[in-house]
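Notes follow the structure.
Protein chains: 2
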Amino acid sequence: MKAAVESAQTQLVKYLRERGLKRTEERMAVLREALAFDGHFEAEDLQVALRRGGQRVSRATIYRTIKLLLDANLLRRSFSSVGKQTYYENMLGSRQHEHLICVRCGRVIEFTSDFLEEALKKEAAAHGFEFKRLRIEIFGECSTCSSASLD
Amino acid sequence: MKAAVESAQTQLVKYLRERGLKRTEERMAVLREALAFDGHFEAEDLQVALRRGGQRVSRATIYRTIKLLLDANLLRRSFSSVGKQTYYENMLGSRQHEHLICVRCGRVIEFTSDFLEEALKKEAAAHGFEFKRLRIEIFGECSTCSSASLD
DNA sequence: ATCTATGCAAATTCTTTGCAACATG
DNA sequence: CATGTTGCAAAGAATTTGCATAGAT
């Protein structure tokens, strides 16, 4: 995983150089913290993590950098549908995974399915699309919540 | 489709009665307009459509009613990822369908797959979840855009 | 009558932007 | 030293909420 982190950093540096953008401490720090998350996180989580590490990065820069990292394919938007914030996750452990979300308590369970991925890639191809990525979300009530709902 | 609209209205009335909520003109009007949309729409589209039909319904009520309709299973959130608004679609033509989205031009193509639905319902069950609904989004570049990107 | 709904405007939340000071290539 | 970058605070956009009034059961 160490190697993957380094390669992500290299990838960012390359991305920046290629378009005449600058390698700043803030950008590298945001990437570092983003890579440190295991699961999903939101903009504020990043800022908190950075602050905890002694880095003060403004909210504006966090947002600007997130955009950059999305474009550089170092982050992806995670599941989308709880609350109004946007959730992200890094592309390490790049195993594509999907989300099963409890609509009551917000608990999120990840699952994977090569077979679904394949089927969806074919679907894209069938419509002449060049496949980029996919997102699958299943909403339901987790066992805890559904047994608690005797209201 | 006429019948489906009526049944949706009945469903709302029942939903309201069951929880001691009131059958108001606004709620019925919002439902009526929501059912009139063929594809996806957002909160403002609803308000515009209502106004066009001579109904003045406040933004607050639109939002409050959308929540109600979501909960009553008369609407669902549509694809999620272009811009920051939320898109909805009614449950008529209740054929569950999913979205294939061009990340360049925003074109949205709908597709269906019973077989994927089944597989995902099983996935939910396997984790002890009571299945509610699902969303599948495939992102890619449509043929028009990918041939235009010779940059 | 009672209790829920609505409209309005203010408040929130998340995200973006303008601008002056600053840092990188 | 020319540009791109940052932080700050203000601006925006979408959605929510408090409260007084209106309306449904």
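Here the protein sequences line up with chains G and A, keeping their order.
Residue numbers for the first sequence follow the working numbering, beginning at 92 and rising by one.
Residue numbers for the second sequence follow the working numbering, beginning at 92 and rising by one.
Note that beta-carbon positions come from the ideal geometry of N, C-alpha and C, so glycine has one too.
Only a predicted model underlies this, so the values are computations on that prediction, with no experimental measurement involved.
Look up ASN181/G in the DSSP assignment and give the residues it is bridged to. Position 90 of the first sequence holds residue 181/G. DSSP, once it has assigned bridges, lists LEU166/G as partnering ASN181/G.
N-terminal and C-terminal residue of the alpha helix (DSSP H) that ARG198/A is part of: Start at 1 with the first residue of the second sequence, and residue 198/A comes out as number 107. Where ARG198/A is concerned, there is no enclosing alpha helix (DSSP H), given that its DSSP letter is neither H nor E.
Alpha carbon to alpha carbon, how far is MET119/A from ARG110/G? As a first step, residue 119/A must be located in the second sequence, where it is residue number 28. As a first step, residue 110/G must be located in the first sequence, where it is residue number 19. Each residue's Cα considered, the two are about 53 Å apart.
Check the Cβ-Cβ distances between HIS131/G and every residue of chain A, and say whether any is below 7 Å. Counted from its first residue, the first sequence places residue 131/G at position 40. Not closer than 7 Å to any Cβ of chain A, the Cβ of HIS131/G fails to qualify, so no.
DSSP puts ARG226/G in a beta bridge; with which residues? For this step, residue 226/G is matched to residue 135 along the first sequence. For ARG226/G, which the question treats as bridged, DSSP gives the partners GLU228/A.
Step through the CB atoms of chain A and report whether any lies within less than 7 Å of the CB of CYS196/G. Locating residue 196/G in the first sequence gives position 105, where the first residue counts as 1. Not one chain A Cβ lies under 7 Å of CYS196/G.
Taking only beta-carbon atoms, is LEU241/A less than 7 Å away from chain G? Looking up residue 241/A in the second sequence gives position 150. Any reading at LEU241/A is ruled out, since the residue's pLDDT is 43, under 50, leaving its predicted position unreliable.
Within chain G, partners of LEU207/A - CB distance below 8 Å: The count along the second sequence starts at 1 and reaches residue 207/A at position 116. Residues of chain G passing the Cβ test: LEU207, ALA210, LEU211.
Look up GLU133/A in the DSSP assignment and say whether it is helix, strand or coil. The residue given as residue 133/A occupies position 42 in the second sequence. Note: GLU133/A maps to coil in three-state DSSP.
Within 7 Å (strictly less), CB to CB, does GLU249/A reach chain G? Only positions 92 to 242 of chain A appear in this structure, which leaves residue 249/A out of reach.
Please say whether GLY231/A and ALA215/G have beta carbons closer to each other than 7 Å? In the first sequence, the residue the question calls residue 215/G occupies position 124. In the second sequence, the residue the question calls residue 231/A occupies position 140. Going by C-beta atoms, ALA215/G is nearer than 7 Å to GLY231/A.
ILE200/G versus chain A: which residues are under 9 Å apart at the beta carbon? For this step, residue 200/G is matched to residue 109 along the first sequence. Within chain A, the residues near ILE200/G are HIS218, PHE220.
Residues of chain A with CB under 7 Å from ALA215/G, in chain order? In the first sequence, counting from the first residue as 1, residue 215/G sits at position 124. Ordered by position in chain A, the residues that pass the 7 Å Cβ test against ALA215/G are LEU191, ILE229, GLY231.
Measure the C-alpha to C-alpha separation of HIS188/A and SER204/A and round it to an integer number of angstroms. Against the second sequence, residue 188/A aligns to sequence position 97. Against the second sequence, residue 204/A aligns to sequence position 113. Taking the straight line joining both Cα atoms gives about 7 Å.
Using beta-carbon positions only, say whether ALA95/A and LEU165/A come within less than 7 Å of one another. Stepping through the second sequence from its first residue, residue 95/A is reached at position 4. Stepping through the second sequence from its first residue, residue 165/A is reached at position 74. Cβ atoms of ALA95/A and LEU165/A: not closer than 7 Å.
Identity of the residue in GLN102/A, GLU180/A, HIS218/A nearest ARG226/A by Cα: For this step, residue 226/A is matched to residue 135 along the second sequence. Minimum Cα distance to ARG226/A is reached at GLU180/A.
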